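Residue numbers (my numbering), protein chains in the order written: chain W, 1 to 137; chain R, 1001 to 1137; chain B, 2001 to 2137; chain D, 3001 to 3137. Just so it is clear, CB atoms sit at the ideal spot from N, CA and C, and this is done for glycine as well. Remember, it's a predicted structure, so these values are computed and weren't measured experimentally.
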């Protein structure tokens, strides 16, 4: 069972093709990560307050359909890989219940200066807990 | 004689009306400020590297026309007011030589914690120099 | 009693000052207009489906504070003026219950080619109804 | 020899990490496609004026570094695959001459209603010409 996020397409997210510009799918996936991180009681905001950053080192999206202004968007999010320095999220994005995109983001943990570091044990345990919770692993 | 900035409309800046979304005019005005600040040899990046921030405390835009993907945009920028803690910029925005918007932004100087401070003398002189240069004051 | 909108600050909405970039307040005001328009049973999407556009011809924002990633944003929206061809919205924006901005947007109705037209009676009545409902006029 | 695009990082493109938000790389790749399409005398704007759309059906970015406000960005763009209904672009993105990302976008041609169609011969020839010109194929 994945974590679920719901949002509505904003007018500013559309482009001259009349549909949502493809870059906004990355914004939505980020909102979905925020929700995912929150689902066990801590948050990405807490993570940052410890001087940690979860930077994006890879992105992949396959677009299968489009979304329009006002469409209800739903995102299913899994943490499909977690290791000592980062992990990989997977997303399935629906517009009005049609699957319109699938995607992945890969992440590394850094300090505030951008140096890669190990995830502190307390946070690694938290993420592993969410991984188990949402991915049935 | 105002400072001048040129840019081309990006596809992502358009919306489902087929024209540039009104919020992008604020992005362009910011690019114009960057250019304005640079025109005398220093830059806003230098300003920030001294622990200073020029925050926006007011914005006003009157839209008189629209812009489309690929249009050449030109922005004329003046610093119409400058005082010890901030100032006001004025903008005229053209798309393919038609005036499409006029605007103002009002600013205060803060430190990195967001506390309002006086502009250091060296920077105040620099801004007054640009003010004279571009606004004929 | 104004119409109310709630949203959470997205990471992408922040900038290198660590706070929400001022241009995003226009995006939020647009989300608030979408909610406002919906509150009586019709929607801005319906409005567009009739070949109508409510274009922005003026924007004014006074910033009184800042918002950070994860802050809960609330927007109170009134339609303070309505006439045969357009109207003016007023917004009060709160972050975690602190007032951080007030603003106005002024609008005209156009057809899909951008020509200003009168609001059709059925929609004018609808907007007047919302005006009465939310502004106590 | 790839097509080349130059731009400067805008303040609005940064986020609270102090670096450019990863989603903006998609905006820059789009600007690079606009430049690529123009390099032989036609433009993507012409393409759209014929009722054609080059929609994005896949995106892949590997981030190898970061960019900051004011950095000079350079993008090298190739059209690495072209077929009757679409093609694939490849990008290399540099900030101040450091390689910070590589990416691909995959595209299909549609009509204005979103139906996949074949690229008209005149445009297919044009794109093949650019492909040869920039990719040495």
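Residue-level contact to chain B via CB, residue i, 8 angstroms cutoff
| i | result |
| --- | --- |
| residue 31 (chain W) | yes |
| residue 3125 (chain D) | no |
| residue 3012 (chain D) | yes |
Minimum Cβ-Cβ distance from residue i to chain W less than 8 angstroms
| i | result |
| --- | --- |
| residue 1104 (chain R) | no |
| residue 3066 (chain D) | yes |
| residue 1137 (chain R) | Its pLDDT being 47, under 50, residue 1137 (chain R) is placed unreliably by the model, and nothing is read from it. |
8 angstroms Cβ cutoff, residue i in contact with chain R
| i | result |
| --- | --- |
| residue 2147 (chain B) | Chain B is shown only over 2001 to 2137; residue 2147 (chain B) falls outside these bounds and no answer can be derived. |
| residue 3063 (chain D) | no |
| residue 2017 (chain B) | yes |
| residue 2092 (chain B) | no |
| residue 1944 (chain B) | There is no way to answer for residue 1944 (chain B), as the model of chain B reaches only from 2001 to 2137. |
| residue 2118 (chain B) | no |
Residue span of the alpha helix (DSSP H) that contains residue i, given as start and end
| i | result |
| --- | --- |
| residue 2046 (chain B) | 2044–2049 |
| residue 26 (chain W) | 24–38 |
7 angstroms Cβ shell around residue i - same chain, five flanking residues per side excluded
| i | result |
| --- | --- |
| residue 137 (chain W) | Interpretation of residue 137 (chain W) is limited by its pLDDT of 47, a score under 50 that renders its predicted location unreliable; the figure taken from the coordinates is listed afterwards. Taken in chain order, the residues that qualify are 131. |
| residue 2082 (chain B) | 2127, 2128 and 2131 |
| residue 2024 (chain B) | 2013 |
| residue 15 (chain W) | 21 |
In DSSP terms, what residue i is bridged to
| i | result |
| --- | --- |
| residue 131 (chain W) | Its beta-bridge partners do not exist; DSSP assigns none. |
| residue 3063 (chain D) | D:3101 |
| residue 3020 (chain D) | D:3014 |
| residue 58 (chain W) | W:106 and D:3062 |
| residue 3053 (chain D) | D:3110 |
Delimiting residues of the beta strand (DSSP E) encompassing residue i
| i | result |
| --- | --- |
| residue 3092 (chain D) | 3086–3095 |
| residue 3 (chain W) | 3–8 |
| residue 1103 (chain R) | 1098–1110 |
| residue 2083 (chain B) | 2072–2083 |
6 angstroms CB neighbourhood of residue i in its chain, flanking five on each side removed
| i | result |
| --- | --- |
| residue 12 (chain W) | none |
| residue 1078 (chain R) | 1002, 1090, 1134 and 1135 |
| residue 1007 (chain R) | 1073 |
| residue 57 (chain W) | 106 and 108 |
Under 9 angstroms from the C-beta of residue i: neighbouring residues of chain B
| i | result |
| --- | --- |
| residue 1059 (chain R) | 2022, 2023, 2025, 2026, 2059, 2060, 2061, 2062, 2063 and 2103 |
Partners in chain D for residue i, counting only beta-carbon separations shorter than 8 angstroms
| i | result |
| --- | --- |
| residue 84 (chain W) | Here the premise fails: no neighbours, minimum Cβ distance about 20 angstroms. |
Partner residues on chain R for residue i, Cβ-Cβ distance less than 7 angstroms
| i | result |
| --- | --- |
| residue 3045 (chain D) | 1069 and 1070 |
| residue 2053 (chain B) | 1017 |
Any non-hydrogen atom of the ligand NAP closer than 7 angstroms to residue i Cβ
| i | result |
| --- | --- |
| residue 1024 (chain R) | The model on display carries no ligand, and the ligand NAP is accordingly not part of it. |
Proximity test, Cβ basis, 8 angstroms: residue i and chain D
| i | result |
| --- | --- |
| residue 87 (chain W) | no |
Chain W residues whose Cβ lies nearer than 7 angstroms to that of residue i
| i | result |
| --- | --- |
| residue 3040 (chain D) | What residue 3040 (chain D) touches in chain W: nothing, since even the nearest Cβ is about 23 angstroms away. |
Within chain R, the residues that residue i reaches when beta carbons sit closer than 9 angstroms
| i | result |
| --- | --- |
| residue 2009 (chain B) | Near residue 2009 (chain B) there are no residues of chain R at all, since even the closest Cβ is about 16 angstroms away, more than 9 angstroms. |
Cβ shell of residue i (< 8 angstroms), same chain only, five flanking positions each side left out
| i | result |
| --- | --- |
| residue 2022 (chain B) | 2061 and 2063 |
| residue 3100 (chain D) | 3063, 3064, 3065, 3066, 3067, 3093 and 3094 |
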